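So the protein lines, in turn, are chains A and B. In terms of the numbering used here, the first sequence opens at residue 1 and continues consecutively. In terms of the numbering used here, the second sequence opens at residue 306 and continues consecutively. Even for Gly, the Cβ is constructed at its ideal location relative to N, Cα and C. Bear in mind that the values here come from a model prediction, so they are computed numbers and not experimental data. Structure first, commentary second.
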Amino acid sequence: MPEERPPALETIDLTKRFGAFTALDRLSITVEPGEVYGFLGPNGAGKTTTIRMALGLARPSSGRVQIFGVDAWADAAAAHRRVAFVPGEFNAWPKLRGGEVLDLLGSIHGGYDAAFRDELIERFEFDPTKKGREYSKGNRQKIALIAAFMVQPDLLVLDEPTSGLDPLMEREFRACVGAARQRGQTVFLSSHILSEVEAVCDRVAILRQGKLVEVGTLDDLRKLNTREVEVELASSPIPDLSTVDGVEEVVADGRIVTLRLRGGPAPLLKALAPFEVVALDIREPSLEEMFLTYYGDGERGDPAP
Amino acid sequence: MTPFGLAWRLLWRTTLVWTAVVVVVLASAVVAYRSAYPTAISRQVVVHLLGDNRAFDALYGRPVALDTIGGFLAWRYGATATVIVALWALLAVTRMLRGDEDEGRSDLLVASPVSTRSLLGSQLAAFGLATLVVTVGSASACAASGLPVGGSLLFGFMLGGAGLVFGGLAAVTSQLLTPRRRAAGWAGGLLGAAYLVRAIGDATPARSWLTWTTPLGWTERISPFRDPSWLAVAVILAVSILLAATALALRNRRDTGEGLVSAVGSSRAPRRPVTTPLGLDWTLTRATLVAWSVGVAVTGLVLGFLAVDVVEFMQQDSNLNDLTSRIGGASIATIDGFLGLAFGVVALVLAVFAGTQIVSAREEEGSGRMENLLTAGAGRVRWLAGRALVMALSVLVLALVGAASTWAGVALSGSGTDMATMVRAALNVVPVTLLFGGLTVLAFGVFPRATAAVAFGAVTLSYAVQVFGSIAGAPSWLVEVSPFAHVAPVPAVAADPVASAVMIAIALVAAVAGGAAFCRRDIATE
Chain A
1 MPEERPPALE TIDLTKRFGA FTALDRLSIT VEPGEVYGFL GPNGAGKTTT IRMALGLARP
61 SSGRVQIFGV DAWADAAAAH RRVAFVPGEF NAWPKLRGGE VLDLLGSIHG GYDAAFRDEL
121 IERFEFDPTK KGREYSKGNR QKIALIAAFM VQPDLLVLDE PTSGLDPLME REFRACVGAA
181 RQRGQTVFLS SHILSEVEAV CDRVAILRQG KLVEVGTLDD LRKLNTREVE VELASSPIPD
241 LSTVDGVEEV VADGRIVTLR LRGGPAPLLK ALAPFEVVAL DIREPSLEEM FLTYYGDGER
301 GDPAP
Chain B
306 MTPFGLAWRL LWRTTLVWTA VVVVVLASAV VAYRSAYPTA ISRQVVVHLL GDNRAFDALY
366 GRPVALDTIG GFLAWRYGAT ATVIVALWAL LAVTRMLRGD EDEGRSDLLV ASPVSTRSLL
426 GSQLAAFGLA TLVVTVGSAS ACAASGLPVG GSLLFGFMLG GAGLVFGGLA AVTSQLLTPR
486 RRAAGWAGGL LGAAYLVRAI GDATPARSWL TWTTPLGWTE RISPFRDPSW LAVAVILAVS
546 ILLAATALAL RNRRDTGEGL VSAVGSSRAP RRPVTTPLGL DWTLTRATLV AWSVGVAVTG
606 LVLGFLAVDV VEFMQQDSNL NDLTSRIGGA SIATIDGFLG LAFGVVALVL AVFAGTQIVS
666 AREEEGSGRM ENLLTAGAGR VRWLAGRALV MALSVLVLAL VGAASTWAGV ALSGSGTDMA
726 TMVRAALNVV PVTLLFGGLT VLAFGVFPRA TAAVAFGAVT LSYAVQVFGS IAGAPSWLVE
786 VSPFAHVAPV PAVAADPVAS AVMIAIALVA AVAGGAAFCR RDIATE
């Protein structure tokens with residue numbers, strides 16, 4: 001019998017409408033305990049809307065979100081006990097000092113390890129003695145990051161958490177996420193920084209116009225994506241490759257054929273076997289190209305089969 | 306859209322609302338005067354009686370031409386209306402100049418090819434247009450009531466001029482101070498000081514030159530309906546231009562988003578840690594409560610101090626006594642009667658305070674700061690209940706401050722009343738205050754973005770309906786719509802426990818309904 005462990009975060013047909021506009025349309029994703037899950041999509045795709053519902057700040061129009069099996073809306077306070085959140089833009093109380101904010105948020109959460117807090121303060125080179133209005137955007141963001149990591153929650157919900165951070169702090173952030181994963185914490189990361197996602201995430205989900213378009217490991221996504229292939233043949237006439245399984249957008253220019261290949265290369269290689277191939281170049285798509293395909297309006301064909 | 310158009314868009318709505326309030330006040334005042342003093346002889350009596358009372362001089366200013374409707378209007382309502390317009394001006398200007406910068410909204414405009422100075426110039430010009438609307442609006446109200454057109458225009462300028470000067474002052478404090486609260490607070494403090502200096506100057510003939518040192522003295526000296534002072538008009542215009550020029554000159558000496566006087570000097574000393582949402586509420590409210598306590602204490606002292614003088618005067622003029630007693634429901638020709646009316650003013654102040662507390666809760670939500678608490682594990686119900694609790698306790702504190710200061714004011718004037726009576730009178734206005742607090746919670750729960758409009762709109766309308774409705778002899782059902790009409794003027798009469806209980810019950814029901822609605826809705830950021 002496999003152990004019955006509820007997912008860290010699960011959305012079930014989650015839908016949010018604002019009047020006639022559907023911001024999120026029947027989203028169903030599952031974040032397993034202990035994984036680092038990337039949440040991607042262009043602006044306005046519904047990422048923050050999803051997160052606000054996962055935190056019980058907004059009510060689903062239909063469907064639901066569960067945090068470790070607890071309904072995020074109906075039982076928000078219970079769900080929050082296992083979650084810490086870092087918003088994209090942390091607004092501090094102008095009158096409170098950074099240290100006081102950490103103390104307040106940590107106490108509300110139910111306590112924290114002061115030594116670990118001090119370690120994080122040092123890591124992020126944060127000055128906790130200033131008042132809220134005196135911090136720069138990046139430094140305000142550090143308050144939120146330290147407050148979230150220091151309570152060592154079971155689930156970290158991060159909504160573009162590194163906006164305003166310099167590259168050194170970005171590196172510290174990645175190290176903190178790595179350490180959290182080591183401890184078995186789950187991380188749900190919404191981000192536009194693809195290198196960040198690539199560096200820390202086990203799986204990613206891609207959202208576009210309120211709908212889920214893809215979910216999987218980065219390797220899965222690469223496989224689903226088309227690769228660019230260039231074939232140089234010794235002599236014409238060239239064979240018709242457009243009927244081969246997985247081949248698209250064939251362009252022939254003299255003895256050189258370029259095409260896009262979806263899935264494994266075996267069918268293409270078989271089709272080329274009778275011919276004398278001078279050169280064969282298969283280029284993996286960069287992450288950026290891949291996401292641009294997903295984000296864009298799908299001109300180059302929907303990557304998902 | 307031009308910068309001017311943008312500024313005007315921010316201004317026109319509040320301009321129209323406040324102008325409408327002033328127009329209603331003026332129109333009801335004309336009705337009141339005609340009903341109280343219908344004949345020439347009765348008006349001569351008014352001149353005789355009102356011409357020589359220091360308490361009234363202090364409250365309203367030195368009277369001129371009381372035997373005419375215009376003179377009475379300018380005297381009895383001019384001072385109040387100028388203060389109302391001045392308040393509007395400093396709130397509107399600090400919102401436009403400082404509020405937008407605090408929120409970072411102005412950065413894009415500042416970064417545009419429009420220079421910061423011409424941007425500020427456009428904003429000030431838009432505000433100038435707004436004061437013109439106030440001037441023309443109130444002048445039209447007077448002229449429509451049958452007053453001479455020239456005098457009406459000058460009277461309108463009396464109000465618009467107050468807007469210009471205090472708007473100009475607020476433009477300068479907006480360059481000096483940050484955030485908006487402080488810029489508006491200092492401008493408001495200057496308004497209070499101007500009122501006090503004018504009151505002293507008007508009440509003590511030997512120091513009447515003092516009135517020429519304050520903007521509220523200039524507006525008073527315009528004397529629109531008899532022997533108008535063009536010097537006062539010129540001074541107001543000159544000072545307004547000077548203030549605008551000062552603001553423009555200061556603008557380029559400071560960073561956008563900052564004030565010339567920086568907020569340094571905050572001590573680094575450790576203080577007691579804030580570990581709960583309730584503790585946070587208290588930390589955020591503390592300074593506000595101290596400021597309001599000072600305001601309530603001054604109000605109580607002044608009203609208590611004036612009690613004896615006013616009562617003496619009222620005993621001589623049965624007409625005016627009759628008129629004012631309609632407001633509170635009891636004769637004010639006795640000290641207790643006047644104090645009953647005075648605590649009506651305290652009720653108004655406390656109701657506004659209760660509103661500001663819930664409005665600041667809404668600001669916590671709008672700015673996203675509340676989310677920090679909620680996602681850390683604070684429950685919505687407990688958070689809102691904490692805010693409401695701090696509001697209610699603060700109201701109680703302010704009521705007791707009002708009791709003590711009024712008692713002290715009466716004692717200072719050489720008369721006497723006992724402290725227990727003052728405490729009873731103060732506690733008697735707490736239920737109506739909580740009622741408005743509860744209604745604001747309801748608005749917060751159901752229409753969060755309209756919290757401030759409901760909080761201040763409901764209080765202002767209710768007070769206006771009760772005071773001006775009863776003076777002008779409006780039907781009783783209309784007056785009784787106002788919760789203030791159900792506050793017994795303690796100590797003149799015994800408290801009305803049924804009315805108090807009903808108000809507290811409504812407050813609780815509204816607050817619970819608001820809380821329930823809040824728990825069912827999305828968190829609404831700005």
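Exposure label - residue i; buried when at least 16 CB within 10 Å
i: A:Pro153; result: buried
i: B:Ser301; result: Because chain B here runs from 306 to 831, residue 301 of chain B falls outside it and cannot be looked at.
i: B:Gln480; result: buried
i: A:Thr48; result: buried
i: A:Val269; result: The sequence as given places Leu at residue 269 of chain A; Val does not occur at that position. A:Leu269 is exposed by the Cβ-count criterion.
i: B:Thr745; result: buried
i: B:Leu395; result: buried
i: B:Asn557; result: exposed
i: B:Ser571; result: Confidence is the limiting factor: at B:Ser571 the pLDDT is only 49, short of 50, which leaves the residue's position unreliable, though a coordinate-based value still follows. Label assigned to B:Ser571: exposed.
i: A:Phe18; result: exposed
i: B:Ile546; result: exposed
i: B:Asp412; result: exposed
i: B:Trp491; result: buried
i: B:Pro788; result: buried
i: B:Ala554; result: exposed
i: B:Val415; result: exposed
i: A:His80; result: buried
i: A:Ala74; result: exposed
Beta-carbon contacts of residue i that lie in its chain and below 6 Å, excluding the five residues immediately before and after
i: B:Ala504; result: Ala363
i: B:Trp393; result: Trp323
i: A:Val200; result: Val36, Arg174 and Val177
i: B:Thr726; result: Pro796
i: B:Phe648; result: Ala730 and Val734
i: B:Ser805; result: Pro736
i: B:Leu583; result: Gly691
i: B:Thr593; result: none
i: B:Val350; result: none
Sequence-distant residues of its chain with Cβ nearer than 8 Å to residue i (five each side left out)
i: B:Val728; result: Leu705 and Ala708
i: A:Met150; result: Leu102, Gly106, Tyr112, Asp113, Phe116, Arg117 and Leu120
i: A:Glu288; result: Leu194
N-terminal and C-terminal residue of the beta strand (DSSP E) that residue i is part of
i: A:Arg64; result: Ser62 to Ile67
i: A:Glu249; result: Val247 to Asp253
i: A:Tyr37; result: Val36 to Leu40
i: A:Phe18; result: Leu9 to Phe18
i: A:Ile143; result: A:Ile143 -> not in any beta strand (DSSP E); alpha helix (DSSP H) instead, spanning Lys137 to Met150.
The alpha helix (DSSP H) enclosing residue i, as first and last residue numbers
i: A:Tyr112; result: Taken as a continuous stretch (DSSP letters only), A:Tyr112 belongs to no alpha helix (DSSP H), as it is neither H nor E.
i: A:Leu189; result: Looking at the DSSP string, A:Leu189 is not in any alpha helix (DSSP H); the run it does join, the beta strand (DSSP E), is Thr186 to Ser190.
i: B:Val686; result: Arg685 to Leu717
i: B:Phe309; result: Pro308 to Ala341
i: A:Arg222; result: Leu218 to Leu224
Same chain only: Cβ atoms within 7 Å of residue i, ignoring 5 sequence neighbours per side
i: A:Pro267; result: Val244, Asp245 and Gly246
i: A:Leu24; result: Leu14, Thr15, Lys16, Gly46, Thr49, Thr50 and Gly210
i: B:Val786; result: Val770
i: B:Thr551; result: Val477
i: B:Thr830; result: Gly671 and Gly673
i: B:Thr711; result: Gly605, Leu608, Gly609, Leu644, Ala647 and Met727
i: B:Tyr500; result: Val388 and Leu521
i: B:Val569; result: Any reading at B:Val569 must be qualified, since the residue scores a pLDDT of 49, below 50, and its modelled position is unreliable; the value itself is stated next. Cβ within range, chain order: n/a, list empty.
Cβ-heavy atom distance, residue i to the ligand MG, below 7 Å
i: B:Leu495; result: The ligand MG is not part of this structure, which contains no ligands at all.
**OP:** Report the residues of the region 101-114 of chain A with a CB closer than 7 Å to any CB of chain B, ordered along the chain.
**Re:** Look at the region 101-114 of chain A: the residues with a C-beta under 7 Å from a C-beta of chain B are Asp103, Leu104, Leu105, Ser107, Ile108, His109 and Gly110.
**OP:** Count the C-beta pairs between the region 10-27 of chain A and the region 55-68 of chain A that are closer than 8 Å, then say yes if the count reaches three, no if not.
**Re:** The region 10-27 of chain A is in contact with the region 55-68 of chain A.
Subject >> Three or more C-beta pairs below 8 Å linking the region 194-210 of chain A and the region 225-236 of chain A >> reply: No: the two stretches stay apart, fewer than three of their Cβ pairs being nearer than 8 Å.
Subject >> the region 685-703 of chain B touching the region 651-660 of chain B, judged by at least three CB pairs closer than 8 Å >> reply: Touching, yes, given that three or more Cβ pairs across the two stretches are closer than 8 Å.
Original post:
Quick check: the region 679-698 of chain B against the region 164-182 of chain A, are there 3 or more CB pairs under 8 Å?
Top reply: They do not touch, by the three-pair rule.
Subject >> Cβ contact (3+ pairs, closer than 8 Å) linking the region 441-458 of chain B and the region 366-383 of chain B >> reply: Counting Cβ pairs under 8 Å, three or more are found: they touch.
Original post:
Would you call the region 741-758 of chain B and the region 823-830 of chain B touching, i.e. three or more CB-CB distances under 8 Å?
Top reply: Enough Cβ pairs lie closer than 8 Å, so yes.
Subject >> Cβ-based contacts, 7 Å cut-off: residues of the region 679-710 of chain B near chain A >> reply: Answer set for the region 679-710 of chain B: Leu679, Thr680, Ala681, Gly682, Ala683 and Gly684.
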